[in-house]
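Chains C and X are the protein sequences, given in the same order.
Mapping to the numbering used here: the first sequence position 29 is 29, numbers consecutive.
With the second sequence counted from 1, adding 1000 to any position gets you the numbering used here.
Positions of the beta carbon are idealized from the N, C-alpha and C atoms, including for glycine.
Below is one structure, written out as structure tokens, with a few remarks after it.
2 protein chains.
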Amino acid sequence: MGKIIRIGIVEDNPYMREGWEAFLDIEDDMCVVGSFESFEDAWDSKKFQTCDIIIMDIDLPGITGIEGVQKLKKEGLKAEVIMATIFDDDENIFNALKAGAVGYLLKKTSPEDLVIAIRQANEGGSPMTPNIARKIIQTFHIKALPKEDALTGRELEILQELATGRSYAEIGKKVFLSVDGVRHHIRSIYKKLQVHSRSEAVSKGLSRNLIAV
Amino acid sequence: MGKIIRIGIVEDNPYMREGWEAFLDIEDDMCVVGSFESFEDAWDSKKFQTCDIIIMDIDLPGITGIEGVQKLKKEGLKAEVIMATIFDDDENIFNALKAGAVGYLLKKTSPEDLVIAIRQANEGGSPMTPNIARKIIQTFHIKALPKEDALTGRELEILQELATGRSYAEIGKKVFLSVDGVRHHIRSIYKKLQVHSRSEAVSKGLSRNLIAV
DNA sequence: TGTATCCCTGCATAATGATGTGGTTTTAAA
DNA sequence: TTTAAAACCACATCATTATGCAGGGATACA
Chain C
1 MGKIIRIGIV EDNPYMREGW EAFLDIEDDM CVVGSFESFE DAWDSKKFQT
51 CDIIIMDIDL PGITGIEGVQ KLKKEGLKAE VIMATIFDDD ENIFNALKAG
101 AVGYLLKKTS PEDLVIAIRQ ANEGGSPMTP NIARKIIQTF HIKALPKEDA
151 LTGRELEILQ ELATGRSYAE IGKKVFLSVD GVRHHIRSIY KKLQVHSRSE
201 AVSKGLSRNL IAV
Chain X
1001 MGKIIRIGIV EDNPYMREGW EAFLDIEDDM CVVGSFESFE DAWDSKKFQT
1051 CDIIIMDIDL PGITGIEGVQ KLKKEGLKAE VIMATIFDDD ENIFNALKAG
1101 AVGYLLKKTS PEDLVIAIRQ ANEGGSPMTP NIARKIIQTF HIKALPKEDA
1151 LTGRELEILQ ELATGRSYAE IGKKVFLSVD GVRHHIRSIY KKLQVHSRSE
1201 AVSKGLSRNL IAV
């Protein structure tokens, strides 16, 4: 069963890098095929292209880890990237994930946990600390409106249609309403969401998870 | 340090429910203060209001677990809800999280892992299996456009402005462009995203994570 | 039997948006 | 040095949207 997991490391701190490398190489099912101090170095190496899992720092000299993941995904490499950094601020986390990382660990993670994380990532999971998971989960929660401003069923229905780009006339046809009926609801939606245009309403509706695409 | 974690269980299968209850009560730092076979039962109980953590099934008779979390959050209970169910389809997962759950476990999870999950949730984390985490992470990844249709820097900048509801004139002022310049870019954005209206562009831009709110 | 909330209709008008056609300049890769 | 792509400006025209005002019917709750 289990093939050897080919691992790449991109990390500018030599102690960290060599520490990881030594530790991971002990594992029977893992092999560090390349370890680099900058993304540019890594990118130029043939070995890098063959990795299954890449452990990448964010704060690299030159191309940052986040730009790196972006590039790597754009070029179609199939390696899964785990970010391992000292930063746990929202911005870095979300940017890394948007760019295509599948996991996000802090550098204080123990080598034992890193090993577990690598196996998880290799099996289609997404390793991350429970706290980071919580930050991510929270982006899903519906941002409640003040009770008196909660959208009614009909309003939600129409907001959903607004997001698709249909004209009032088309929406009316779809939900069996006159154009003026549609207008009425939209007015009400705008007031509750405190917006003055269709795109703003869509933007707010999506970001508050009131509607989905 | 650690206060006792007050736990509520809502689960209609009596074997499951009693099994969990028995197992969790063994832990020194946990106490099952209530265990119910329907959300209605739970909701009527005073004990339920005092829970720190609630383990909830999705497939309950009457009010479903997802509706339950929703209600519970709307009413302002501070308990954290972990969904524990047999379903791991995307729809259930995302609906549960949107409704306000902080964790999502499958029923095949071992009691030992359940204990760990409860502690994690109680400490501000979000317990979930690595596979479910991956599904969630994937919603963050930027959905790549065919290379020739990738938005340019200026286009992204303007798409971002479109989402805020500004008029072309306002956008122009903001990014130092004539109204016609703005128009030009918007045309290009529409073509690349294959849309024909502002709200559609915003919707697509947000859902593909090209822009953020 | 009020009061509230939701749902719906109609009309009017000014502002904004979508789309076409025809240009120039700068920048970066081939 | 050609070529391509991005970034910009302008004018024109029709469609759509935002917003004001003024109503009616249904249902539910106190």
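Under 8 Å between C-beta atoms of residue i and residue j
{"i": "C/Ile9", "j": "C/Trp20", "result": "yes"}
{"i": "C/Ile137", "j": "X/Ser1207", "result": "no"}
{"i": "C/Val195", "j": "X/Ser1203", "result": "no"}
{"i": "X/Gln1049", "j": "X/Leu1024", "result": "no"}
{"i": "C/Lys73", "j": "C/Leu145", "result": "no"}
{"i": "C/Lys107", "j": "C/Met16", "result": "yes"}
{"i": "X/Thr1129", "j": "X/Leu1105", "result": "yes"}
{"i": "X/Ser1197", "j": "C/Gly205", "result": "no"}
{"i": "C/Asn131", "j": "X/Gly1124", "result": "yes"}
{"i": "C/Ala121", "j": "C/Gly103", "result": "yes"}
{"i": "C/Asp70", "j": "C/Gly34", "result": "The residue you asked about is not Asp; residue 70 of chain C is Gln in the sequence shown. No, the Cβ-Cβ distance between C/Gln70 and C/Gly34 is not below 8 Å."}
{"i": "X/Asp1012", "j": "X/Glu1037", "result": "yes"}
{"i": "C/Leu177", "j": "X/Ser1199", "result": "no"}
{"i": "C/Ile53", "j": "C/Ile82", "result": "yes"}
{"i": "C/Tyr190", "j": "C/Val179", "result": "no"}
{"i": "X/Lys1147", "j": "X/Asn1209", "result": "no"}
Strand pairing of residue i, partner residues [DSSP]
{"i": "X/Cys1051", "result": "Beta-bridge pairing links X/Cys1051 to no other residue."}
{"i": "C/Glu80", "result": "C/Ile53"}
{"i": "C/Gly8", "result": "C/Gly34 and C/Ile54"}
{"i": "C/Leu106", "result": "C/Thr85"}
{"i": "X/Met1128", "result": "X/Tyr1104"}
Reduced DSSP category for residue i - H, G, I as helix; E, B as strand; rest coil
{"i": "C/Thr164", "result": "helix"}
{"i": "X/Leu1100", "result": "Here residue 1100 of chain X is Gly; the residue named in the question, Leu, does not match the sequence. X/Gly1100 falls in the coil class under three-state DSSP."}
{"i": "C/Ser207", "result": "helix"}
{"i": "C/Ala212", "result": "coil"}
{"i": "X/Asp1180", "result": "helix"}
{"i": "X/Gln1070", "result": "helix"}
{"i": "C/Asp59", "result": "coil"}
{"i": "C/Val115", "result": "helix"}
{"i": "X/Val1175", "result": "helix"}
{"i": "C/Phe41", "result": "As written in the sequence, residue 41 of chain C is Asp, which differs from the Phe given in the question. C/Asp41 falls in the helix class under three-state DSSP."}
{"i": "C/Asn13", "result": "coil"}
{"i": "C/Leu145", "result": "coil"}
{"i": "X/Lys1003", "result": "coil"}
{"i": "X/Ala1150", "result": "coil"}
{"i": "C/Glu170", "result": "helix"}
{"i": "X/Asp1029", "result": "coil"}
{"i": "C/Gln194", "result": "coil"}
{"i": "X/Phe1140", "result": "coil"}
{"i": "C/Glu75", "result": "coil"}
{"i": "C/Glu215", "result": "One cannot answer for residue 215 of chain C here, as it falls past the ends of chain C, which runs 1 to 213."}
- Task: Using a Cβ-Cβ cut-off of less than 9 Å, give me the residues of the region 129 to 148 of chain C that come near chain X, in sequence order.
- Result: Thr129, Pro130, Asn131, Ile132, Ala133, Arg134, Lys135, Ile136, Ile137, Gln138, Thr139, Phe140, His141, Ile142, Ala144 and Lys147
- Residues within the region 160 to 171 of chain C neighbouring chain X, beta-carbon criterion of under 9 Å: Leu162, Ala163, Thr164, Gly165, Arg166 and Ser167
- Which residues, taken in chain order from the region 78 to 98 of chain C, show a beta carbon closer than 8 Å to some beta carbon of chain X? Close to chain X, meaning a Cβ-Cβ distance shorter than 8 Å, are the following residues of the region 78 to 98 of chain C: Phe94, Leu97 and Lys98.
- Message: If contact is defined by three or more beta carbon pairs under 8 Å, each pair taking one atom from either stretch, is the region 83 to 90 of chain C in contact with the region 55 to 62 of chain C?
- Response: yes
- Message: Tell me whether the region 1178 to 1198 of chain X and the region 1151 to 1169 of chain X touch, counting them as touching only if at least three CB pairs, one residue from each stretch, are closer than 8 Å.
- Response: yes
- Check distances from the C-beta atoms of the region 173 to 199 of chain C to those of chain X and list, in chain order, the residues that come in under 8 Å. Val195, His196, Ser197, Arg198 and Ser199
- Query: Which residues, in chain order, does the region 63 to 76 of chain C contribute to contact with chain X at a C-beta distance below 9 Å?
  - Reply: For chain X, the residues of the region 63 to 76 of chain C that bring a beta carbon within less than 9 Å of one of its beta carbons are Gln70, Lys73 and Lys74, in chain order.
- Message: Three Cβ pairs or more, each shorter than 8 Å: is that satisfied between the region 15 to 35 of chain C and the region 112 to 124 of chain C?
- Response: Three or more Cβ pairs closer than 8 Å define a contact, and the region 15 to 35 of chain C meets that threshold against the region 112 to 124 of chain C.
- Query: What residues in the region 118 to 129 of chain C bring their beta carbon closer than 7 Å to a beta carbon of chain X?
  - Reply: Gln120, Gly124, Gly125, Ser126, Pro127 and Met128
- Message: Check whether the region 1063 to 1080 of chain X and the region 1093 to 1111 of chain X touch, using three or more Cβ-Cβ pairs below 8 Å as the test.
- Response: yes
- At a Cβ cut of 8 Å, what residues of the region 1014 to 1043 of chain X count as close to chain C, listed as they run along the chain? For the region 1014 to 1043 of chain X, the set of positions with a beta-carbon nearer than 8 Å to some beta-carbon of chain C is empty.
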